[in-house]
Amino acid sequence: MTALAAVRGFKDILPDQAGLWRRVEEQARSVAARFGYVELRPPLMEKTELFQRGLGEATDVVEKEMYTMEDRGGERLTLRPEATAGMVRAVLEHNLVEGGRPARLFCLGPMFRYERPQKGRLRQFHQLDVEVFRDPGPLIDAEVVLLLHSFLAELGLGDLQVVVNSLGCASCRPQFRTELISWLTARQENLCPDCRRRLTQNPLRVLDCKNEGCRQATANGPTLSRHLCGPCREHFDGLVAALDLMGLNWVRDHRLVRGLDYYTRTAFEVHSSSLGSQNAVAGGGRYDGLCAQLGGPDVPAVGFAAGLERLVMLLAERHAPAPPGPDYYLAPLCSEALDPGFKLAHQLRARGLSVAADWEVGSLKSRLKRADKLGAAKLIMLGPEELARRETTIRDLAAKEQRALPLDDPGLY
Ligand code: HAM
Numbered sequence: 045m046t047a048l049a050a051v052r053g054f055k056d057i058l059p060d061q062a063g064l065w066r067r068v069e070e071q072a073r074s075v076a077a078r079f080g081y082v083e084l085r086p087p088l089m090e091k092t093e094l095f096q097r098g099l100g101e102a103t104d105v106v107e108k109e110m111y112t113m114e115d116r117g118g119e120r121l122t123l124r125p126e127a128t129a130g131m132v133r134a135v136l137e138h139n140l141v142e143g144g145r146p147a148r149l150f151c152l153g154p155m156f157r158y159e160r161p162q163k164g165r166l167r168q169f170h171q172l173d174v175e176v177f178r179d180p181g182p183l184i185d186a187e188v189v190l191l192l193h194s195f196l197a198e199l200g201l202g203d204l205q206v207v208v209n210s211l212g213c214a215s216c217r218p219q220f221r222t223e224l225i226s227w228l229t230a231r232q233e234n235l236c237p238d239c240r241r242r243l244t245q246n247p248l249r250v251l252d253c254k255n256e257g258c259r260q261a262t263a264n265g266p267t268l269s270r271h272l273c274g275p276c277r278e279h280f281d282g283l284v285a286a287l288d289l290m291g292l293n294w295v296r297d298h299r300l301v302r303g304l305d306y307y308t309r310t311a312f313e314v315h316s317s318s319l320g321s322q323n324a325v326a327g328g329g330r331y332d333g334l335c336a337q338l339g340g341p342d343v344p345a346v347g348f349a350a351g352l353e354r355l356v357m358l359l360a361e362r363h364a365p366a367p368p369g370p371d372y373y374l375a376p377l378c379s380e381a382l383d384p385g386f387k388l389a390h391q392l393r394a395r396g397l398s399v400a401a402d403w404e405v406g407s408l409k410s411r412l413k414r415a416d417k418l419g420a421a422k423l424i425m426l427g428p429e430e431l432a433r434r435e436t437t438i439r440d441l442a443a444k445e446q447r448a449l450p451l452d453d454p455g456l457y
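Residues in the sequence shown are numbered from 45 upward in steps of one, following the numbering used here.
This is how it looks when you write it as structure tokens:
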């Protein structure tokens with residue numbers, strides 16, 4: 045029988061990587077706390093309908109990337125491909141948007157998309173997701189961009205560039221959509237099969253297609269900026285003025301439309317030269333219509349998500365220092381030492397010290413090697429002589445000094 049392997053695109057995070065993951069997650073929590081965002085943990089699975097209605101039927105995610113199944117009761121369920129729809133559902137279900145103040149929320153965890161796995165792109169991947177509800181103004185858009193920027197900068201990402209655009213709103217976008225469809229229809233023979241299909245359903249996505257033929261065909265196409273209504277224009281100006289005020293490096297990309305249908309007005313991504321690729325490490329925007337679309341009140345909202353895989357890879361490449369080893373490695377040097385050693389290790393752990401041990405008798409040489417490999421600060425030796433004196437010998441592995449301590453007084457360790 046062959047041993048089973050993990051599912052393609054689903055990766056184990058092994059102990060030597062777990063420290064880096066914790067570091068990225070702790071950084072996310074620290075920045076979120078400083079900006080006043082609180083954690084909401086929605087479940088990993090939601091009704092399929094939530095994503096169909098929320099993200100848009102004609103998006104790549106809903107069309108071809110969702111992990112959908114029927115449960116034993118016949119209900120269609122989907123592993124979340126992103127967090128926003130679930131966050132909105134939870135916020136509405138628990139009335140977190142009642143009262144006057146904006147709700148500032150974040151969530152950290154795995155997402156699932158059936159994509160072609162490649163370096164840093166997985167089928168189970170992780171995001172920091174940040175969402176704010178109730179505040180319609182451009183300053184809150186700038187605040188979430190700033191939060192994201194701080195998170196990435198504090199992790200050591202260099203040359204951060206914020207790419208922004210405005211996607212308009214329900215009053216100005218339809219007119220642009222109509223113009224875009226007729227402009228694209230006249231050039232459809234130059235578009236890839238995906239874009240030809242998308243043309244009428246989701247024409248804005250054609251502007252964002254990575255296919256070189258499509259990029260050339262649409263290079264001089266109509267842009268939304270000319271069609272923006274007064275309030276959308278004002279909102280965009282307010283956002284970029286705030287980014288200027290904070291000295292952030294931003295550019296406008298008229299073709300930035302993002303891959304999910306819920307965006308209105310602000311869309312943004314952050315790129316970094318540290319990641320050496322065109323792909324955004326994070327993106328988001330405003331989605332003022334989504335709450336109402338999912339059956340709730342009309343609540344404006346804005347947010348982003350940052351993929352964590354590539355951030356962890358970057359830290360790993362930079363040889364982040366290894367996490368500290370245990371305080372003690374306990375070495376029973378004879379079989380009579382196993383029980384008292386086992387008990388002492390437990391007593392020390394209960395006092396908050398970290399103690400590594402292998403419950404077998406070995407030579408001093410092999411134990412020293414093992415303590416060294418684990419990066420332990422001190423070795424506790426427990427052999428026949430120590431047992432006879434009810435003591436242990438403690439060797440400081442860095443200072444190479446030894447002293448005796450009482451076996452029965454864990455408070456002295
Ligand atoms: P998204 O652009 O689909 O937006 O994903 C955000 C980030 O998640 C991407 O920039 C990328 O870093 C990461 N990501 C996406 N797919 C994968 C994958 N297969 N493997 C590794 N990383 C991946 C959203 O998810 C929106 N919910 C963002 C948002 C929140 N908008 C408003 N609020």
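All C-beta atoms, glycine included, are put in the ideal place defined by N, C-alpha and C. Just so you know, these numbers come straight off a predicted model, no measurement behind them.
Those residues which DSSP pairs with residue i across a bridge
i, result
"Val346", "Val176, Arg330"
"Lys91", "Leu121"
"Cys258", "Answer is none; Cys258 lacks a bridge partner."
"Asn209", "Ala311"
"Lys417", "In the DSSP output, where bridge partners are listed per residue, Lys417 has none listed."
"Trp294", "Val206"
"Leu426", "Pro376"
"Phe54", "In the DSSP output, where bridge partners are listed per residue, Phe54 has none listed."
"Glu83", "Phe150"
Nonlocal neighbours in the same chain, by C-beta distance under 6 Å from residue i, ignoring five residues either side
i, result
"Leu374", "Gly385, Ala389, Val399, Ala401, Ile424"
"Val68", "Leu352, Leu355, Val356"
"Arg240", "Gln232"
"Arg447", "Ile438"
"Gln391", "Pro454"
"Gly212", "Leu268, Leu272, Cys276"
"Ala421", "Asp371"
"Trp294", "Val206, Val208, Leu287"
"Ser226", "none"
Sequence-distant residues of the same chain with beta carbon closer than 8 Å to residue i, five excluded per side
i, result
"Leu38", "Any answer about residue 38 is impossible in this case: the structure gives the chain only from 45 up to 457."
"Leu358", "Leu199, Gly200, Leu201, Ser318, Leu319"
"Leu121", "Met89, Glu90, Lys91, Thr92, Thr112, Met113, Glu114, Asp115"
"Leu451", "Pro384, Leu388, Leu426, Glu430, Leu431, Arg434, Glu435, Thr436"
"Arg395", "Pro454, Gly455, Tyr457"
Near the ligand HAM: residue i beta-carbon under 7 Å from a heavy atom
i, result
"Thr128", "yes"
"Tyr81", "no"
"Glu187", "no"
"Ala349", "yes"
"Arg165", "yes"
"Gly257", "no"
"Ala76", "no"
"Tyr158", "no"
"Asp173", "yes"
"Phe195", "no"
"Tyr111", "no"
"Phe169", "yes"
"Ala336", "no"
"Tyr331", "yes"
"Ala134", "no"
"Leu304", "yes"
"Ala62", "no"
"Glu445", "no"
"Val325", "yes"
"Gly328", "yes"
"Glu353", "yes"
Cut-off 7 Å between Cβ atoms - residues of its own chain near residue i, not counting five sequence neighbours on either side
i, result
"Arg299", "Leu251, Asp252"
"Trp65", "Ile57, Val356"
"Leu397", "Asp371, Tyr372, Tyr457"
"Gly340", "Leu136"
"Pro247", "Arg221, Leu224, Ile225, Leu228"
"Glu175", "Thr128, Met131, Leu149, Ala345, Gly347"
Residue i: first and last residue of the uninterrupted beta strand (DSSP E) it sits in
i, result
"Thr436", "435-440"
"Val301", "Val301 -> no beta strand (DSSP E), and no H or E assigned at all."
"Ala400", "399-401"
"Arg447", "445-450"
"Pro376", "372-376"
Extent of the continuous alpha helix (DSSP H) run through residue i
i, result
"Thr112", "No alpha helix (DSSP H) holds Thr112; the beta strand (DSSP E) holding it covers 111-114."
"Glu147", "Here residue 147 turns out to be Ala, not Glu, going by the sequence shown. Per DSSP, Ala147 belongs to no alpha helix (DSSP H); it is in the beta strand (DSSP E), 147-156."
"Ile225", "217-229"
"Gly282", "274-289"
"Val250", "247-251"
"Gln71", "59-78"
"Thr128", "128-137"
heavy atom of the ligand ATP below 7 Å from residue i C-beta
i, result
"Glu93", "The ligand ATP is not part of the structure shown, which contains the ligand HAM as its ligands."
So, do the stretch 275-291 and the stretch 80-92 have three or more beta carbon pairs nearer to each other than 8 Å?
Judged by Cβ distances under 8 Å, the stretch 275-291 makes no contact with the stretch 80-92, as fewer than three pairs qualify.
Check whether the stretch 147-157 touches the stretch 376-384, taking contact to mean three or more Cβ pairs, one atom from each stretch, closer than 8 Å.
A contact is defined here as three or more CB-CB pairs under 8 Å, and the stretch 147-157 fails this definition with respect to the stretch 376-384.
Measuring CB atoms only, is the stretch 289-306 touching the stretch 325-336, in the sense that at least three cross pairs come out at less than 8 Å?
Flag = yes, the stretch 289-306 and the stretch 325-336 touch.
Looking at C-beta atoms only, is the number of pairs between the stretch 138-149 and the stretch 160-168 that lie closer than 8 Å three or more?
The stretch 138-149, when compared against the stretch 160-168, does not touch it at the 8 Å Cβ threshold.
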